[in-house]
Every structure is written in structure tokens, then in C-alpha cells.
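Chemist: Residue 247 in my numbering is what sits at position 186 of the sequence shown, and the numbering runs on without skipping anything.
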Amino acid sequence: FVDNFANFNDAASDKNLMRFFLADAIHPNTEGHKLIAEGIFDVLRDGGSRYNQWEKNRPAAGEEDDENGEENASDASENDDDEGWAAENLALEKTYMESAKNKSCSAGVLTDGERKAKSRSDAYFTSYSEDFPKWVLIDLGKTLEVKKVRVYNAAVLDVRNISVHYALEPGKYKTVGEGIFRKPSSKLEFQLKKSVRARYIKIEIEDSYGGKNRVSLAEVEVFGAR
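(1) Taking DSSP's pairing of strands, which residues face L24 in a bridge?
(2) Quick check on V276: does DSSP put it in helix, strand or coil?
(3) Using DSSP with H/G/I as helix, E/B as strand and the rest coil, what is T172?
(4) If contacts are defined as beta-carbon pairs under 8 Å, then K171 and L278 qualify, I think. What distance do you get, rounded to the angstrom?
(5) For my contact list, I262 and I199 are in at a C-beta cut-off of 8 Å; report their separation, rounded to the angstrom.
(6) Which residue marks the beginning of the beta strand (DSSP E) containing L253, and which one marks its end?
(7) Among P194, D183, M158 and T156, which residue has its Cα nearest to the Cα of E267?
(8) Starting from V212, follow its DSSP beta bridges and name the residues at the other end.
(9) Nearest to A168 by CA position, among G202, G285 and E154, is which residue?
(10) Around the C-beta of A219, are 16 or more other C-beta atoms found within 10 angstroms, so that it is buried, or is it exposed?
(11) Between which two residues does the beta strand (DSSP E) harbouring K235 extend?
(12) Would you identify the three-state DSSP class for S167, choosing helix, strand or coil?
(13) Just the C-alpha distance for R243 and S269, rounded to the nearest angstrom, thanks.
(14) Rounded to whole angstroms, what's the CA-CA distance from R275 to Y189? Just pull it up for me.
(15) In the DSSP assignment, find the unbroken beta strand (DSSP E) run with Y157 in it and report its ends.
(16) Going by C-alpha to C-alpha distance, which of A286, V281 and G285 sits closest to W196?
(17) Sort out for me which residues DSSP pairs Y185 with in a bridge.
(18) Between the C-alpha atoms of R181 and F251, what's the straight-line distance to the nearest angstrom?
(19) Which term fits A286, buried or exposed, when burial requires 16 or more other beta carbons within 10 angstroms of its beta carbon?
(20) Nearest to T187 by alpha carbon, out of R221, K164 and R260?
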């Protein structure tokens with residue numbers, strides 16, 4: 062299988078496109094597909110592997126491209142390595158504003174430190190009425206050095222596409238990046254190439270799985286450089 066995939070990957074003009082649909086091509090709807098897909102990409106990234114002798118650019122197969130027009134922007138990843146980052150979550154227990162506030166949603170749940178919402182009441186969720194994009198604006202309380210934003214999806218009413226922005230004051234935003242949640246209860250990380258000064262972090266929810274208009278997130282975390 063790796064032989065066939067390697068040949069197909071060499072022929073593909075967009076290596077990252079392969080990364081997205083491969084997971085669904087292998088044992089769809091099971092946890093095993095992700096492990097298999099990641100294992101194949103590990104082989105293709107290994108410079109010592111025999112599968113890398115055909116194409117000089119093989120070590121780059123499956124790597125994320127940064128095509129965002131902003132110089133310091135970064136696409137999302139699922140990396141969970143905190144090396145080089147400040148351990149303190151700058152968004153913890155911070156207040157936020159919403160474009161689609163749901164009166165039934167408990168205040169502060171998006172920044173309460175609980176990454177996995179065990180029930181709907183533990184998660185942040187929007188109202189039904191407003192159209193996409195819906196947004197949440199987190200106030201860090203003061204201007205801080207920001208290097209990374211991590212967003213956790215909830216297991217219910219799942220968000221699909223999001224974008225992350227920062228600003229010193231509301232209305233003057235610069236983009237950190239955008240990403241797609243691969244499955245319920247997954248997470249996305251947005252890492253800036255250089256730390257930036259910011260007070261406000263804006264999460265824009267572009268759409269949802271299943272066309273749901275009321276959507277949910279579990280947690281947002283913000284980190285700075287050490």
C-alpha cells in the first residue's frame with residue numbers, strides 16, 4: 062500500500078490535499094484510519110526510508126503549507142507540543158463577547174479551563190438565529206505577547222471551519238490562521254511565526270457539520286513565548 066501511495070503522492074500537485082482525504086479513504090469512520098494515515102506520512106517524511114529515493118522533495122510530503130497572505134500568519138495544526146511556549150493559559154477565566162449569544166449557555170464556559178465538555182452544559186454554544194460567520198471575542202485584560210492559540214471543538218453541535226484573529230483594540234484585526242476540525246472533540250493550534258502584542262483574540266466560526274446553525278466549542282487557550 063505504501064508503494065502505491067508513494068507513487069500517487071509523487072504525481073499529486075498538492076501534497077497537502079493527499080493528507081486531508083487519505084484519512085477517509087482508509088477504514089472510514091473508525092479511529093484506526095488516523096493512525097494508519099499518520100504512520101504513512103511518517104514513512105514518507107523519513108529521509109532514510111527507501112520510499113524517499115524517488116523524489117528529492119519527498120521529505121516535504123504531507124507538511125503544512127503556509128499560504129496565508131499575512132507575513133506572520135500560520136495555518137492550523139493538531140500539534141500538542143508546548144516546548145518553547147509559556148505554560149500559562151492567558152485566556153483562562155477571561156471574559157468574552159459573542160455575536161450569537163445563547164441565554165441558556167453558562168457564562169465563562171469557553172475559558173474555564175475545561176478542555177473536554179462532558180455534557181452540553183459544560184460547552185459553549187451559540188444561538189440559532191444569527192447567520193454564519195458567528196464570532197467570539199476574548200478580552201485578555203491587557204496587552205500581552207501572544208504566540209499560540211489553541212481551540213477545542215465540542216462533541217456536540219460541532220463546528221467545522223474556524224479562523225483566528227488578534228488585535229490591540231476591537232475592529233483592527235490581523236489574522237493568525239484558519240483551519241478545519243477533522244472530527245468531533247478534536248483541537249486546532251494556530252502558531253504565529255513571531256510573537257505579537259495583542260489584547261483581543263477573535264474566533265470566527267464559519268460553518269458546521271450537518272448544516273447546524275447552533276454550534277458549540279469546548280475551550281479556547283492562548284499562550285505566549287517563554
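Yeah, the Cβ is synthetic: ideal placement off N, Cα and C, and Gly gets one too. Only a predicted model underlies this, so the values are computations on that prediction, with no experimental measurement involved.
Modeler: Let me spell this out:
(1) In the structure as shown, the chain begins at 62 and stops at 287. Residue 24 is therefore absent and cannot be evaluated.
(2) It is coil, neither helix nor strand.
(3) Of the three classes helix, strand and coil, the one that applies to T172 here is helix, per DSSP.
(4) According to the sequence provided, residue 171 is Leu. The question's Lys does not apply to it. Going by Cβ atoms, the distance from L171 to L278 rounds to 6 Å, so yes, they are a contact pair.
(5) Right, the Cβ-Cβ distance comes to about 5 Å (below 8 Å), so this counts as a contact.
(6) Unbroken beta strand (DSSP E) run through L253: K248 to I266.
(7) Check the Cα spacing between E267 and each of P194, D183, M158 and T156: the tightest is with P194.
(8) Answer by DSSP bridge pairing, in chain order: L249 and V281.
(9) Closest option to A168, Cα to Cα, is E154.
(10) With the sequence shown as reference, residue 219 is identified as Asp, and Ala is not the correct amino acid for it. When all chains shown are included, D219 counts as buried.
(11) Residues K235 to I241.
(12) S167 sits in coil when the DSSP states are folded into three classes, being neither helix nor strand.
(13) One C-alpha to the other measures close to 12 Å.
(14) C-alpha separation (whole angstroms): 5 Å.
(15) Here the beta strand (DSSP E) through Y157 covers Y157 to E159.
(16) It is V281 whose Cα lies nearest to the Cα of W196.
(17) Beta-bridge pairing links Y185 to L278.
(18) Distance from the CA of R181 to the CA of F251, rounded to the nearest whole angstrom, comes to 25 Å.
(19) The residue in question, A286, is exposed, as its Cβ has fewer than 16 Cβ neighbours within 10 Å.
(20) Among R221, K164 and R260, the Cα nearest to that of T187 belongs to K164.
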